[in-house]
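Student:
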Amino acid sequence: MSDSFSQSLPPRKRTVLGEQLQPFAEKGELHLQHCGACQQWSYPPRELCGHCLADALSWQLCSGEGQVLSRIDLHNSFEAYFSEQLPWSLLSVKLDIGPVLYVHGEGQSGQRVNVKLQLDAASAPVFRAE
Amino acid sequence: MSRPASYQGVALVCPVSVGYAKQSEKGAAYFIGRSLGEMIQQAGIKKDDVDGLAISSFSLGPDSVISLCQHFDISPRYLEQLPFGGASGVIAMRRAARAVQMGDADIVACIGGDTNQAGSFADLIADFSTFTRDASYPYGAGGPNAAFALITQHYMEQYGATREDFARIALSQRYNANHYPGALLGHKTLSMDDYLNARPIAGPVHMFDCVMPCAGGEGFLMMSVARAQSLNLPYVMILAADELHHAHRDDPVQFRAGWTEYASALYEQADLGPDDIDLLQTYDDYPVISMMQMEDLGFCKKGEARDFVRNTALTFDGHSFGDTTNACLPHNTSGGQLSVGQAGSAAGFLGLVESIRQLLAQAEKNQVANARHAMVSGYGMINYDRGLCSAATILAKGDV
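So the sequences go chain by chain: D and Y. Quick note: the first sequence uses my numbering, first residue 1, plus one each step. Quick note: the second sequence uses my numbering, first residue 1001, plus one each step.
(1) For the structure I just gave you, are there three or more beta carbon pairs, one from the stretch 1324–1339 of chain Y and one from the stretch 1176–1193 of chain Y, closer than 8 Å?
(2) Against chain D, does Y/Pro-1138 count as a neighbour if the rule is that its beta carbon must be under 7 Å from one of theirs?
(3) Just how far apart, CA to CA, sit D/Gln-60 and D/Leu-95?
(4) Along the chain, where does the beta strand (DSSP E) containing Y/Cys-1014 start, and where does it finish?
(5) Just to confirm, is the Cβ distance from Y/Ala-1099 to Y/Val-1090 under 7 Å?
(6) In chain D, which residues lie with their C-beta within 9 Å of the C-beta of Y/Ile-1201?
(7) For D/Leu-69, would you say it is in contact with chain Y, using Cβ-to-Cβ distances shorter than 7 Å as the test?
(8) Work out the CA separation of Y/Arg-1199 and D/Leu-53 for me, nearest whole Å.
(9) Below 6 Å CB to CB, which residues in the same chain sit around D/Ser-2 once its five sequence neighbours on both sides are set aside?
(10) For the stretch 1144–1168 of chain Y, list every residue whose C-beta sits within 7 Å of some C-beta in chain D, in sequence order.
(11) What in chain D is Cβ-close to Y/Gly-1061, meaning under 9 Å?
(12) Quick one: which chain D residues come within Cβ less than 8 Å of Y/Val-1225?
(13) Use the C-beta contact count for Y/Glu-1295: other C-beta atoms within 10 angstroms, 16 or more gives buried, fewer gives exposed.
(14) Among residues of its own chain, excluding the 5 on either side of Y/Ile-1277, which ones have a beta-carbon nearer than 6 Å to its beta-carbon?
(15) Taking Y/Ser-1224 as part of the alpha helix (DSSP H), name the residues at either end of that continuous run.
(16) Would you kindly work out how many angstroms separate the C-alpha atoms of D/Gln-85 and Y/Asp-1194, rounded to a whole number?
(17) Within the continuous alpha helix (DSSP H) that includes Y/Met-1039, where are the two ends?
(18) For the ligand MG, I want to know if D/Pro-10 counts as a neighbour, meaning its beta carbon is within less than 6 Å of at least one of the ligand's heavy atoms.
(19) Measuring only between beta-carbons, confirm whether D/Val-93 sits less than 7 Å from chain Y.
(20) Got a sec, what are the start and stop residues for the alpha helix (DSSP H) Y/Gln-1101 sits in?
(21) Please state if the CB of Y/Leu-1053 and the CB of Y/Leu-1082 are separated by a distance shorter than 7 Å.
(22) Suppose you measure from the CA of Y/Lys-1365 to the CA of D/Glu-19; what does that come to, to the nearest Å?
(23) Taking C-beta to C-beta, are Y/Val-1205 and Y/Thr-1152 nearer than 7 Å?
(24) Please identify the residue among D/Gln-39, D/Lys-116, D/Cys-38, D/Ala-56 whose C-alpha is closest to the C-alpha of D/Arg-46.
(25) Residues of chain Y with CB closer than 8 Å to the CB of D/Phe-82, please, in chain order.
(26) Alpha carbon to alpha carbon, what distance is there between Y/Ser-1290 and Y/Leu-1388?
(27) By the criterion of Cβ-Cβ separation under 9 Å, what are the contact partners of D/Trp-88 in chain Y?
(28) At what residues does the beta strand (DSSP E) containing Y/Ala-1371 begin and finish?
(29) What residues in the stretch 1122–1135 of chain Y have a beta carbon less than 8 Å from any beta carbon of chain D?
(30) Please report the distance separating the alpha-carbon of Y/Phe-1299 from that of Y/Gly-1033.
(31) Considering only DSSP beta bridges, list what D/Trp-59 is partnered with.
(32) Considering Cα atoms alone, identify which of D/Pro-44, D/Leu-117, D/Leu-90 is closest to D/Lys-27.
(33) Return the chain-ordered ranges of every beta strand (DSSP E) run that is complete within the stretch 1164–1189 of chain Y and spans a minimum of 3 residues.
(34) From Y/Asn-955 to Y/Asp-1123, what does the alpha carbon distance come to, in whole angstroms?
(35) Find the nearest neighbour of Y/Leu-1352 within the set Y/Leu-1221, Y/Val-1309, Y/Ser-1320, judged by alpha-carbon distance.
(36) At a Cβ cut of 8 Å, what residues of the stretch 104–122 of chain D count as close to chain Y, listed as they run along the chain?
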């Protein structure tokens, strides 16, 4: 991340559920919510299983293998951190295990990528494609 | 699956568009209240004759529709608040129509109104939903620009649409806006060069693909046909209407929405086909979404909207920005949000209110000749990676 000259930090705000990614990001271990009842994966973070509504979600280690759906450069942002570093690359990736994630990183549509869970410059959890 | 019952017997009257401004220090209640005031004046009724309110607003908080009763000093027996953004107009209309049919209210004021204060748009997108807070905003994807850029990029790669194709929508709408005094950008012309050379915003999305947030109000009154006739008010009828939300939820990237599931039923209920539609109002929060609606509402096949906009004049009077125009479908005849401005939730009423004006021949310089049937489509609420709401209706001028 080319943030060494940036004065600003990325947005730190997450929901209570989003904050739960923090310890996994600190260890660099990709975790998403997995349902113990129907065995499906959910993202973005939610209160109940998005597939079967069971109260059986827990954060589980998962594979980041997936495919880039779409990729753009942002040329505009309300957040100083991004606007200081434009253009900023943004990808949407469909993981093989199901969910669609917005991620940092590089890639072209159709390309296979591996998504990692990391800390950003604000020490907040973010996904990045490699 | 059951189908919506007939909307027979209800009348849409007194379309109003009020208070448009790029920014305003006033609150949302001002724009909603001004809309209400103007429509009861047009109708020649008293404030207390309005016994129902169906309201949409992003910026009304901490107030809600019940707060407005005290602001406006009214005692309604029917209240509805519709947080559905670009689909809120058609949805408000559907709810209010049922209230009038069932006797829950006699006259419902359907209004979308929002203010736009310094920084309010940035605040809105920074915390639009829990999903955007966790999964969009930390990636620089705050607000609709990035989500729609990803959708637009994917659509272009899938179907070969080009920026020139999107331009045909934007240029035609600006031409319409040049003939509609209420449009905030109506005093400016827009050329293909202007469009193509505009400042990049996100991926293929450039300046003139984006709406300008603004303040304003849009609304109309819903009452029985009998009441409209007794008040000597010209009215519009609902021939068909439906909605479906978060359809096609397994599509990895959005390229269609709920319209596909009910468009043919709308035509059947209205006993009309796409060729009978004299004007189309789509929700144009980015031209690609208008193209999706043209496809999903049956004006062309999926992926062929690029050819449709190349071959169809989209202006109110048939003026063409296409290549070999051989057909005309007046589209977003007041300029749409792209040229009028996006007054928050009022933008979800823009096409509906404009259609009522057109069908009643109350439009001015942008009047479509012989406008008999209008289709209005709503879309909205980018909860994460796609718009969730879809709604559409077919309207016709009422019998006098």
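Cβ coordinates follow ideal geometry from the N, Cα and C atoms, glycine included. Here the structure is a predicted model, which is why all the values come from computation and not from measurement.
Tutor: In short:
(1) yes
(2) The sequence position of residue 1138 of chain Y within the second sequence is 138, counting from 1. By this cut-off, Y/Pro-1138 is an interface position.
(3) Walking along the first sequence from the start, residue 60 of chain D turns up at place 60. Walking along the first sequence from the start, residue 95 of chain D turns up at place 95. If I take the Cα positions, the gap works out to 15 Å.
(4) Numbered from 1 along the second sequence, position 14 holds the residue referred to as residue 1014 of chain Y. Y/Cys-1014 -> beta strand (DSSP E) spans 1010–1021.
(5) Residue 1099 of chain Y sits at position 99 when you count from the first residue of the second sequence. Residue 1090 of chain Y sits at position 90 when you count from the first residue of the second sequence. In this structure, Y/Val-1090 does not lie closer than 7 Å to Y/Ala-1099 by Cβ.
(6) Here residue 1201 of chain Y refers to the residue found at position 201 when the second sequence is read from its first residue. Neighbours of Y/Ile-1201 on chain D, chain order: Leu-74, His-75, Asn-76.
(7) In the first sequence, residue 69 of chain D corresponds to position 69, counting from 1. So, interface residue.
(8) As a working mapping, residue 53 of chain D is identified with position 53 in the first sequence. As a working mapping, residue 1199 of chain Y is identified with position 199 in the second sequence. Each residue's alpha carbon lies about 44 Å from the other.
(9) As a working mapping, residue 2 of chain D is identified with position 2 in the first sequence. Because the pLDDT of D/Ser-2 is 48, which lies under 50, any placement of that residue in the model is unreliable, and the question is left without a value.
(10) Asn-1145, Ala-1146, Ala-1149, Leu-1150, Gln-1153, His-1154, Glu-1157
(11) Position 61 of the second sequence, counting from 1, holds the residue named residue 1061 of chain Y. Ordered by position in chain D, no residue passes the 9 Å Cβ test against Y/Gly-1061, which lies about 18 Å from the chain.
(12) Residue numbering aside, residue 1225 of chain Y sits at position 225 when the second sequence is read from its first letter. The contacting residues do not exist; Y/Val-1225 stays about 43 Å from chain D at best.
(13) Taking the second sequence and counting its residues from 1, the one referred to as residue 1295 of chain Y is at position 295. Y/Glu-1295 should be labelled buried.
(14) In the second sequence, residue 1277 of chain Y corresponds to position 277, counting from 1. Taken in chain order, the residues that qualify are His-1373, Met-1375.
(15) Position 224 of the second sequence, counted from the start, is the residue given in the question as residue 1224 of chain Y. Not the alpha helix (DSSP H): Y/Ser-1224 falls in the beta strand (DSSP E), residues 1215–1224.
(16) Counting from one through the first sequence, the residue named residue 85 of chain D turns up at place 85. Counting from one through the second sequence, the residue named residue 1194 of chain Y turns up at place 194. Taking the straight line from one Cα to the other gives about 26 Å.
(17) In the second sequence, the residue the question calls residue 1039 of chain Y occupies position 39. Counting along the chain, the alpha helix (DSSP H) containing Y/Met-1039 begins and ends at 1028–1043.
(18) Ligands displayed in this structure: none; no statement on the ligand MG is therefore possible.
(19) Residue 93 of chain D sits at position 93 when you count from the first residue of the first sequence. Output row for D/Val-93: interface = no.
(20) Position 101 of the second sequence, counting from 1, holds the residue named residue 1101 of chain Y. Note, Y/Gln-1101: alpha helix (DSSP H), 1088–1102.
(21) In the second sequence, the residue the question calls residue 1082 of chain Y occupies position 82. In the second sequence, the residue the question calls residue 1053 of chain Y occupies position 53. Cβ distance not < 7 Å, so Y/Leu-1082 and Y/Leu-1053 don't count as in contact.
(22) Locating residue 1365 of chain Y in the second sequence gives position 365, where the first residue counts as 1. Locating residue 19 of chain D in the first sequence gives position 19, where the first residue counts as 1. Their Cα atoms are separated by approximately 55 Å.
(23) In the second sequence, the residue the question calls residue 1205 of chain Y occupies position 205. In the second sequence, the residue the question calls residue 1152 of chain Y occupies position 152. Taking 7 Å as the Cβ cut-off, Y/Val-1205 and Y/Thr-1152 qualify as a contacting pair.
(24) Within the first sequence, residue 46 of chain D is the residue found at index 46, counting from 1. Answer by Cα proximity: D/Ala-56.
(25) As a first step, residue 82 of chain D must be located in the first sequence, where it is residue number 82. Within chain Y, the residues near D/Phe-82 are Gly-1140.
(26) Counting from 1 along the second sequence, the entry for residue 1388 of chain Y is found at position 388. Counting from 1 along the second sequence, the entry for residue 1290 of chain Y is found at position 290. Straight-line Cα distance between these residues: approximately 15 Å.
(27) Taking the first residue of the first sequence as 1, we reach residue 88 of chain D at position 88. What D/Trp-88 touches in chain Y: Tyr-1139, Gly-1140.
(28) Numbered from its first residue, the second sequence carries residue 1371 of chain Y at position 371. Note, Y/Ala-1371: premise wrong, no beta strand (DSSP E); not H, not E.
(29) Ala-1122, Ile-1125, Ala-1126, Asp-1127, Thr-1130, Phe-1131, Arg-1133, Asp-1134, Ala-1135
(30) On the second sequence, position 299 is the one that residue 1299 of chain Y refers to. On the second sequence, position 33 is the one that residue 1033 of chain Y refers to. Their Cα atoms are separated by approximately 37 Å.
(31) Taking the first residue of the first sequence as 1, we reach residue 59 of chain D at position 59. DSSP, once it has assigned bridges, lists D/Gln-33 as partnering D/Trp-59.
(32) Position 27 of the first sequence, counted from the start, is the residue given in the question as residue 27 of chain D. Selected option, being the one with the closest Cα: D/Leu-117.
(33) none
(34) With chain Y represented from 1001 up to 1400, any question about residue 955 of chain Y goes unanswered, as that position is not in the structure.
(35) The count along the second sequence starts at 1 and reaches residue 1352 of chain Y at position 352. The shortest C-alpha separation from Y/Leu-1352 is found at Y/Leu-1221.
(36) His-104, Ser-109, Asp-120
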